Amino acid sequence: SNTQPQPNRCSHNLNININIKKPNITMMKLALLATLASTATAFMAPSTPLLTPHTRLPTQIFAEEEAAVEDAPAPRTAQEISALTSSVKTIFSLEDIAKVLPHRYPFLLVDKVVEYEMGKSAVGIKSVTLNEPHFTGHFPDRPIMPGVLQVEALAQLAGIICLQMEGAEPGTVFFFAGVDGVKWKKPVVPGDTLVMEVEIKKWNKRFGIATATGRAYVDGEMVVEVGEMKFALAK
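Taken in order, the sequence shown gives residues 240 to 474; the numbers are from the numbering used here.
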């Protein structure tokens, strides 16, 4: 037969596999050690600290904090805080007010009068406390003095003036006849001291009609302003 014998493929593949060189274990170890050494240097601290123009040393920060503590003013005593109002004198006490106004608890909203010009103006104080009944529902989780009661407090202060003016007979009661231009600036809450001022703009002795303006402050900031209040006096 002319058929040529075929080469043994299996033996050929075997020779190839046999001729593959085994990896050099020693060289691989040396390469791994070199890689680790070069990587470790990336985490080494520099020989000199790297400071930018805006970097402060820790000791400087601590020194500044200590200096700030030393410069802080000492807490004021109760006597010093109480003395801040020593120049404010009471003109009408709560007992005096009760002799003029017909209102009683829980609707008497002026605790004392500290400035008074007969027939013209007055400055009164209302201390706001959580014990007042309206805070039970206004509001349970955030007590705020109702704005209408702030206006009522101003009206009562104006009533202290009006009920002592010429033409106001003993036993006279004044009624709220109108209000205009009311602006509330910020909430009034328990713990605040409401400092109120009213000014009588017009007074009609014959008909017992008065017109006034009012403002109230807490810690020097205005909380409510009334452009005009009208009152009618009647027996």
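Beta carbons are placed, not taken as given, at the ideal position from N, Cα and C, and that holds for glycine. Quick caveat: nothing in here was measured; it's all calculated off a predicted structure.
If you count every other CB in all the chains shown that lies within 10 Å of the CB of residue i, and 16 or more means buried, which is it?
i    : result
D419 : exposed
M384 : buried
D380 : exposed
A281 : Confidence is the limiting factor: at A281 the pLDDT is only 49, short of 50, which leaves the residue's position unreliable, though a coordinate-based value still follows. Classification for A281: exposed.
E460 : exposed
V412 : exposed
V501 : The structure shown has nothing for residue 501, since the chain only spans 240 to 474.
D310 : exposed
F378 : exposed
F374 : buried
G466 : exposed
Compare the C-alpha of residue i against each of the options and name the closest.
i    : options                   : result
Q389 : K469, L472 and V427       : V427
E405 : S366, P385 and W442       : W442
A407 : V353, A416, F470 and T452 : F470
A451 : K424, L433 and Q395       : Q395
A449 : K351, M468 and T368       : M468
A361 : F446, V421, A397 and V339 : A397
V349 : I330, K474, P382 and M357 : I330
F446 : T316, A416 and S325       : A416
P429 : I320, A317, P382 and S325 : P382
V474 : P314, L369 and F414       : Correcting the residue identity first, residue 474 is Lys in this sequence and not Val. Here the closest residue by C-alpha is F414.
Just to check my reading of the structure: residue i and residue j have Cβ atoms closer than 8 angstroms, yes? What is that Cβ distance to the nearest angstrom?
i    : j    : result
I336 : I399 : 6 angstroms
K351 : L333 : 6 angstroms
Q318 : M357 : That belief does not hold up - the Cβ atoms of Q318 and M357 are roughly 35 angstroms apart, past 8 angstroms.
What do you reckon, are the CB atoms on residue i and residue j nearer than 9 angstroms?
i    : j    : result
E371 : P409 : no
A354 : E436 : Rather than Ala, the amino acid found at residue 354 in this sequence is Glu. The answer is yes: Cβ separation under 9 angstroms.
L393 : R454 : yes
L323 : K365 : no
C523 : L472 : A question about residue 523 goes unanswered here, because the residues of the chain that appear run from 240 up to 474.
W423 : V462 : yes
G386 : V421 : yes
Indicate whether at least one CB of chain B lies closer than 9 angstroms to the CB of residue i.
i    : result
G447 : Absence of chain B from the displayed structure is noted, only one protein chain being present.
> For the region 383 to 470, which segments carrying the alpha helix (DSSP H) assignment without a break, of at least 4 residues, lie completely within its bounds, in sequence order?
Replying inline: 386 to 401
> Which runs of the beta strand (DSSP E) spanning at least 3 residues fall entirely within the region 325 to 375, listed in chain order?
Replying inline: Annotation note: the region 325 to 375 contains the following uninterrupted beta strand (DSSP E) runs of length 3 or greater, listed N- to C-terminal: 351 to 356 and 360 to 366.
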